[in-house]
Amino acid sequence: MKKTFSFMLVMMIALTLVLSACGAKNNEGGSGTNTNGGTKVESDGTGKDFKIGMVTDVGGVHDKSFNQSAWEALENVTAETGAATKFLESKGEADMEPNLNSFVKEGYNLTWGIGFLFNDALSKVAKENPDAKLAVIDSVIEAPNVASITFAEHEGSFLVGVVAGMMTKSNKIGFVGGMEIPVIKKFEAGFKAGVAAVNADAKVEVNYAGDFGKPDLGKLAAATMYDGGVDIIFHAAGGTGNGVFNEAKARKDNGDNVWVIGVDKDQSLEFGDEITLTSMMKGVEAAVHKVSKDLIAGNFAGGTVQELGLKDDAVGLPATTKNVPEDVLAEVAKYKEKIVSGEIKVPTE
Amino acid sequence: MDTLKKVFVKSSILIPIVAIVLGLIVGAIAMLAGGYDPILAYSSLLDKLFSTPYNIGEAIRAITPLIFTGLAVSFAFRTGLFNIGVEGQFVMGMTGATIIGVLLDLPWYIHAPLAVITGAVFGGLWAGIAGYLKAKRGVNEVISSIMLNWIALFLSNFIVVKFLVEKGQQKSMPIHDSAMMKIDWLIKLMDNARMHWGTVVAVLCVIIFYIVLWRTKQGYELRAVGHNPDAALYAGMNVNVTMVKSMFISGVFAGLGGVFEILGVFGNQTVMAASPGYGFDGIAVALLGGNTPIGVLLGAMLFGGLSYGSAGMSFGAGVPPEVVRIVIGAVIFFVASHGLVKWFLKPFLNKRASKRKEAV
Chain A
1 MKKTFSFMLV MMIALTLVLS ACGAKNNEGG SGTNTNGGTK VESDGTGKDF
51 KIGMVTDVGG VHDKSFNQSA WEALENVTAE TGAATKFLES KGEADMEPNL
101 NSFVKEGYNL TWGIGFLFND ALSKVAKENP DAKLAVIDSV IEAPNVASIT
151 FAEHEGSFLV GVVAGMMTKS NKIGFVGGME IPVIKKFEAG FKAGVAAVNA
201 DAKVEVNYAG DFGKPDLGKL AAATMYDGGV DIIFHAAGGT GNGVFNEAKA
251 RKDNGDNVWV IGVDKDQSLE FGDEITLTSM MKGVEAAVHK VSKDLIAGNF
301 AGGTVQELGL KDDAVGLPAT TKNVPEDVLA EVAKYKEKIV SGEIKVPTE
Chain B
350 MDTLKKVFVK SSILIPIVAI VLGLIVGAIA MLAGGYDPIL AYSSLLDKLF
400 STPYNIGEAI RAITPLIFTG LAVSFAFRTG LFNIGVEGQF VMGMTGATII
450 GVLLDLPWYI HAPLAVITGA VFGGLWAGIA GYLKAKRGVN EVISSIMLNW
500 IALFLSNFIV VKFLVEKGQQ KSMPIHDSAM MKIDWLIKLM DNARMHWGTV
550 VAVLCVIIFY IVLWRTKQGY ELRAVGHNPD AALYAGMNVN VTMVKSMFIS
600 GVFAGLGGVF EILGVFGNQT VMAASPGYGF DGIAVALLGG NTPIGVLLGA
650 MLFGGLSYGS AGMSFGAGVP PEVVRIVIGA VIFFVASHGL VKWFLKPFLN
700 KRASKRKEAV
């Protein structure tokens with residue numbers, strides 16, 4: 001009896017492993033291969049001696065936001081220069097360091113750590129391998145061989161806050177964050193300030209899911225908010241945010257008038273215009289692209305910290321937004337000018 | 350010596366090896382179907398495991414917690430208890446070590462042992478709750494320990510956020526150096542791989558596991574209760590006390606696993622969205638190892654090695670992580686299903702047996 005039980009249990013564990021793998025969607029890229037969205041770019045061959053690696057956090061490379069933008073940038077670098085690019089996904093925190101080291105010890109010319117969570121692992125690896133070049137997004141690491149890139153997310157979030165504040169019907173707006181870390185706090189603070197600037201009556205409900213890779217938690221958070229009368233949710237939660245879209249889609253199909261504001265990429269391209277109001281674009285792709293190309297051109301910005309904001313067009317709304325009417329866009333443009341000129345200082349926490 | 354012998358008897362070593370081979374073949378088919386080169390993939394897996402001192406060290410780092418959790422599950426199983434709460438006890442062990450490591454500042458010869466013992470006791474008591482409920486009230490330990498997993502996860506997150514948090518971060522303040530259990534000279538030797546004393550303790554625990562269960566009166570009672578609680582009761586053993594004791598010791602093993610993740614690997618504790626999963630992997634390790642000490646050690650090496658080496662398959666052969674998981678799942682599936690492999694081997698074994706008969 002006990003034997004059968006334990007046998008069944010192992011079967012279950014093995015099956016879960018296999019099935020969970022099947023559940024993941026087809027991996028069109030694979031690591032190292034390069035499909036450039038159909039558009040053919042002639043490689044100029046300048047980078048064919050260069051190898052660039054990238055390590056994702058637990059969200060994985062197909063998170064439809066942050067990590068995916070970075071990987072797309074590297075794919076473009078490959079297409080343009082012929083450099084070899086490759087990614088590794090981290091299954092847990094313990095994986096980050098060995099994954100970074102896989103690239104560093106293999107002699108890669110540049111290794112990317114995508115996300116705030118790389119802070120500890122990347123600074124350790126950078127210190128242990130002073131000759132290796134590394135770069136990190138969303139985190140500041142003070143080492144001569146690390147290029148740190150951060151974004152003024154609060155400025156871009158302010159603008160989508162303006163959109164949400166003007167377009168809400170229920171005067172209830174939601175914010176779903178990934179983890180309660182400084183970078184996501186910046187999203188929240190900017191968003192709240194933007195809402196408050198145009199709509200004094202609107203309330204912003206905040207929920208932190210606690211993870212960037214758990215769509216189920218995002219769905220749950222969204223369901224709770226929509227049930228409470230919220231009609232627009234801004235998510236800054238990476239893969240967890242996919243659940244927010246999922247819930248919004250289900251409600252839209254039921255006839256509820258709910259919206260999601262996407263993050264990092266123009267997420268209307270992924271989830272459709274009927275639920276995506278607009279997106280808070282974050283120029284991860286442009287930044288990864290630029291730093292990688294600089295490396296190939298021979299001027300790697302090691303030891304520097306760049307903060308990219310509205311003035312660099314590194315954050316903000318996508319160029320085309322079907323769902324936002326002209327008058328709102330005009331207002332957004334006005335606020336953008338004020339932020340760039342320094343007239344409005346957006347809070348960061 | 351029975352258990353030691355059992356491992357080295359021919360059929361018991363043949364079956365796992367055939368099972369691994371079968372698993373690798375199924376994995377290869379999956380990779381071929383996806384258009385990847387299985388031979389390159391497997392050679393990169395081995396490469397990842399054994400190529401450099403760094404990789405060997407990191408593989409050992411990945412294997413260590415699985416030895417602890419595997420032992421924890423096996424120990425309870427020997428007493429007829431299914432401790433599915435190893436995950437929670439692991440987390441409590443982490444928390445105990447973090448509390449001592451962060452809040453106190455003592456000389457190293459007190460600090461480190463104190464942190465280890467506190468974590469181990471935290472894990473043991475956490476398991477003891479489930480054991481006590483089982484003994485006193487007959488609450489099924491599977492259910493109570495699963496629920497305790499969640500309580501442990503959120504309790505430890507609460508403790509970290511409330512008392513230990515580093516400002517503006519989602520993790521605790523760093524553990525004082527005096528409590529850390531890293532092996533600095535070995536770290537240098539292994540090219541900065543995260544080596545720590547936990548591995549040594551894990552191997553010691555394998556030996557302790559054997560001695561306690563098969564060389565002491567206590568251990569005899571524990572196993573007797575596992576075989577048949579009614580008979581044990583009739584023989585005058587205190588079944589209830591034995592159950593609590595067994596859960597406590599099981600929890601100590603799990604707690605130690607958590608302790609060394611903190612003191613040896615991370616040096617701080619993050620606020621976790623989900624528990625790290627070593628406890629659940631420990632169930633698989635225990636069953637792979639047939640609940641014997643050596644079996645657990647080998648099972649942990651297989652499981653930990655595969656999951657660490659799998660990154661090499663992505664790196665060297667471009668196999669996507671999803672397919673890698675299919676391969677790992679296939680290997681575990683076959684190793685776990687003894688019956689299937691025996692059935693597969695039957696014709697060969699029969700032939701050999703009949704030949705032997707002819708020879709006679």
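Residue numbers (the numbering used here), protein chains in the order written: chain A, 1 to 349; chain B, 350 to 709.
Just so it is clear, CB atoms sit at the ideal spot from N, CA and C, and this is done for glycine as well.
Owing to the predicted nature of the structure, the values given are computational and were not obtained by experimental measurement.
Collapsed DSSP secondary structure at phenylalanine 175 (chain A) in the structure displayed: Along the first sequence, one-based indexing puts residue 175 (chain A) at 175. Assigned with DSSP and collapsed to three states, phenylalanine 175 (chain A) falls in strand.
Rounded distance between the beta-carbons of tryptophan 112 (chain A) and valine 288 (chain A), thought under 8 Å: Indexing the first sequence from 1 puts residue 288 (chain A) at position 288. Indexing the first sequence from 1 puts residue 112 (chain A) at position 112. So it is a contact: roughly 7 Å between Cβ atoms.
Three-state class that DSSP yields for proline 347 (chain A) in the structure shown: As a working mapping, residue 347 (chain A) is identified with position 347 in the first sequence. Of the three classes helix, strand and coil, the one that applies to proline 347 (chain A) here is coil, per DSSP.
Any chain B beta carbon closer than 8 Å to glutamate 180 (chain A): Translated into positions along the first sequence, residue 180 (chain A) becomes position 180. It does; some Cβ of chain B falls within 8 Å.
Residues near serine 102 (chain A) by beta carbon distance below 7 Å, same chain, minus five either side: What you label residue 102 (chain A) is simply residue 102 of the first sequence in a count that begins at 1. These residues qualify, in order along the chain: Leu88.
Secondary structure of serine 659 (chain B), DSSP reduced to three states: For the purposes of this step, residue 659 (chain B) is taken as residue 310 along the second sequence, with counting starting at 1. In the structure shown, serine 659 (chain B) sits in a helix (DSSP, three-state: H, G or I).
Neighbourhood of leucine 513 (chain B) by C-beta distance below 8 Å, restricted to the same chain and skipping five residues each side: Along the second sequence, read from residue 1 onward, the residue named residue 513 (chain B) stands at position 164. Excluding sequence neighbours, leucine 513 (chain B) sits near Thr447, Ile448, Val451, Leu452, Ser521, Met522, Gln618.
Same chain, Cβ closer than 7 Å to phenylalanine 597 (chain B), neighbours up to 5 away in sequence not counted: Working through the second sequence from its first residue, we reach residue 597 (chain B) at position 248. Once the five neighbours on either side are set aside, the close Cβ partners of phenylalanine 597 (chain B) are Gly473, Ala476, Gly477, Gly480.
Whole-number beta carbon distance between valine 590 (chain B) and leucine 582 (chain B), since they are thought to touch under 8 Å: Translated into positions along the second sequence, residue 582 (chain B) becomes position 233. Translated into positions along the second sequence, residue 590 (chain B) becomes position 241. In fact, because the Cβ distance is near 11 Å, the residues do not count as touching under 8 Å.
Length of the line joining the Cα atoms of proline 462 (chain B) and glycine 210 (chain A): Counting from one through the second sequence, the residue named residue 462 (chain B) turns up at place 113. Counting from one through the first sequence, the residue named residue 210 (chain A) turns up at place 210. If you take the alpha carbons of proline 462 (chain B) and glycine 210 (chain A), they lie about 32 Å apart.
Short CB-CB distance (under 8 Å) between asparagine 759 (chain B) and chain A: Shown here, chain B extends from 350 to 709; a query on residue 759 (chain B) therefore has no answer.
Test: lysine 192 (chain A) CB closer than 8 Å to a CB of chain B: Translated into positions along the first sequence, residue 192 (chain A) becomes position 192. It does not: the Cβ of lysine 192 (chain A) has no partner Cβ on chain B nearer than 8 Å.
Run of the alpha helix (DSSP H) containing tryptophan 259 (chain A), from where it starts to where it stops: Translated into positions along the first sequence, residue 259 (chain A) becomes position 259. Note, tryptophan 259 (chain A): premise wrong, no alpha helix (DSSP H); beta strand (DSSP E) at 259–264.
Cβ neighbours of tryptophan 457 (chain B) in the same chain (closer than 7 Å, five flanking residues each side left out): Counting from one through the second sequence, the residue named residue 457 (chain B) turns up at place 108. Once the five neighbours on either side are set aside, the close Cβ partners of tryptophan 457 (chain B) are Ser527.
Within-8 Å CB hit, threonine 591 (chain B) to chain A: Sequence index remark: in the second sequence, residue 591 (chain B) carries index 242 (1-based). False, the Cβ-Cβ gap to chain A never drops below 8 Å.
Residues sharing a beta bridge with glutamine 306 (chain A), DSSP: In the first sequence, residue 306 (chain A) corresponds to position 306, counting from 1. Glutamine 306 (chain A) is bridged to A:Ile149.
Nearest neighbour of phenylalanine 439 (chain B), chosen from B:Ile362, B:Arg427, B:Asn498 [CA to CA]: Position 90 of the second sequence, counted from the start, is the residue given in the question as residue 439 (chain B). Measuring from the Cα of phenylalanine 439 (chain B), the nearest candidate turns out to be B:Asn498.
DSSP three-state assignment for alanine 237 (chain A), whether helix, strand or coil: Locating residue 237 (chain A) in the first sequence gives position 237, counting from the first residue. The answer is coil: DSSP assigns alanine 237 (chain A) none of H, G, I, E or B.
Residues, ordered as in the chain, of the stretch 429–440 of chain B that lie near chain A by beta-carbon distance below 7 Å: none
Length of the line joining the Cα atoms of threonine 348 (chain A) and asparagine 129 (chain A): Start at 1 with the first residue of the first sequence, and residue 348 (chain A) comes out as number 348. Start at 1 with the first residue of the first sequence, and residue 129 (chain A) comes out as number 129. Rounded to whole angstroms, threonine 348 (chain A) to asparagine 129 (chain A) spans 33 Å at the Cα level.
contact_flag[the stretch 199–208 of chain A, the stretch 261–277 of chain A] where n(CB pairs < 8 Å) is 3 or more: no
C-alpha gap between alanine 132 (chain A) and isoleucine 296 (chain A), whole angstroms: Against the first sequence, residue 132 (chain A) aligns to sequence position 132. Against the first sequence, residue 296 (chain A) aligns to sequence position 296. Roughly 15 Å between the two C-alpha positions.
Chain B within 8 Å of threonine 35 (chain A), Cβ atoms only: Here residue 35 (chain A) is taken as the residue at index 35 of the first sequence, counted from 1. With a pLDDT of 41 at threonine 35 (chain A), under the threshold of 50, the predicted position of this residue should be treated as unreliable, though the coordinate-derived value follows. Output row for threonine 35 (chain A): interface = no.
Cross-chain neighbours of alanine 623 (chain B) in chain A, by beta carbon under 8 Å: Mapped onto the second sequence, residue 623 (chain B) falls at position 274. Ordered by position in chain A, the residues that pass the 8 Å Cβ test against alanine 623 (chain B) are Asp211, Lys214.
Short CB-CB distance (under 8 Å) between lysine 350 (chain A) and chain B: Outside the displayed span of chain A (1 to 349) sits residue 350 (chain A), for which this structure offers no information.
Secondary structure of tryptophan 546 (chain B), DSSP reduced to three states: Locating residue 546 (chain B) in the second sequence gives position 197, counting from the first residue. Correct three-state label for tryptophan 546 (chain B): coil.
Inter-residue spacing [alpha-carbon to alpha-carbon] between lysine 252 (chain A) and valine 258 (chain A): Working through the first sequence from its first residue, we reach residue 252 (chain A) at position 252. Working through the first sequence from its first residue, we reach residue 258 (chain A) at position 258. Rounded to whole angstroms, lysine 252 (chain A) to valine 258 (chain A) spans 6 Å at the Cα level.
Beta-carbon contacts of alanine 573 (chain B) that lie in its chain and below 8 Å, excluding the five residues immediately before and after: The sequence position of residue 573 (chain B) within the second sequence is 224, counting from 1. If we look at alanine 573 (chain B) and ignore the five residues flanking it on each side, its Cβ neighbours are Ala580, Ala581, Ala584, Met586.
Sequence-distant residues of its chain with Cβ nearer than 6 Å to phenylalanine 158 (chain A) (five each side left out): Along the first sequence, read from residue 1 onward, the residue named residue 158 (chain A) stands at position 158. Apart from the 5 residues on each side of it in sequence, phenylalanine 158 (chain A) sits with its Cβ closer than 6 Å to the Cβ of Gly190, Ala193, Gly194, Val346 in its chain, given in chain order.
Contacts of glutamine 519 (chain B) in chain A (Cβ-Cβ under 8 Å): Residue 519 (chain B) sits at position 170 when you count from the first residue of the second sequence. Neighbours of glutamine 519 (chain B) on chain A, chain order: Met179, Glu180, Ile181.
Listed by chain order, chain B residues near alanine 94 (chain A) by CB distance under 7 Å: Walking along the first sequence from the start, residue 94 (chain A) turns up at place 94. By Cβ distance, chain B contributes Val614.
Contact with chain B by glutamate 188 (chain A), beta-carbon distance below 8 Å: Counted from its first residue, the first sequence places residue 188 (chain A) at position 188. Answer no: the Cβ-Cβ gap between glutamate 188 (chain A) and chain B never drops below 8 Å.
Chain A residues whose Cβ lies nearer than 8 Å to that of alanine 660 (chain B): For this step, residue 660 (chain B) is matched to residue 311 along the second sequence. Leu88, Asp95, Pro98, Asn99, Ser102, listed in chain order.
Three-state secondary structure (DSSP) of lysine 516 (chain B): Taking the first residue of the second sequence as 1, we reach residue 516 (chain B) at position 167. Correct three-state label for lysine 516 (chain B): coil.
First and last residue of the uninterrupted beta strand (DSSP E) at leucine 277 (chain A): Taking the first residue of the first sequence as position 1, residue 277 (chain A) is located at position 277. Looking at the DSSP string, the run of the beta strand (DSSP E) that includes leucine 277 (chain A) is 276–282.
Valine 601 (chain B) versus arginine 427 (chain B): straight-line alpha-carbon distance, rounded: If you number the second sequence from 1, residue 601 (chain B) lands on position 252. If you number the second sequence from 1, residue 427 (chain B) lands on position 78. Cα-Cα distance, rounded: 15 Å.
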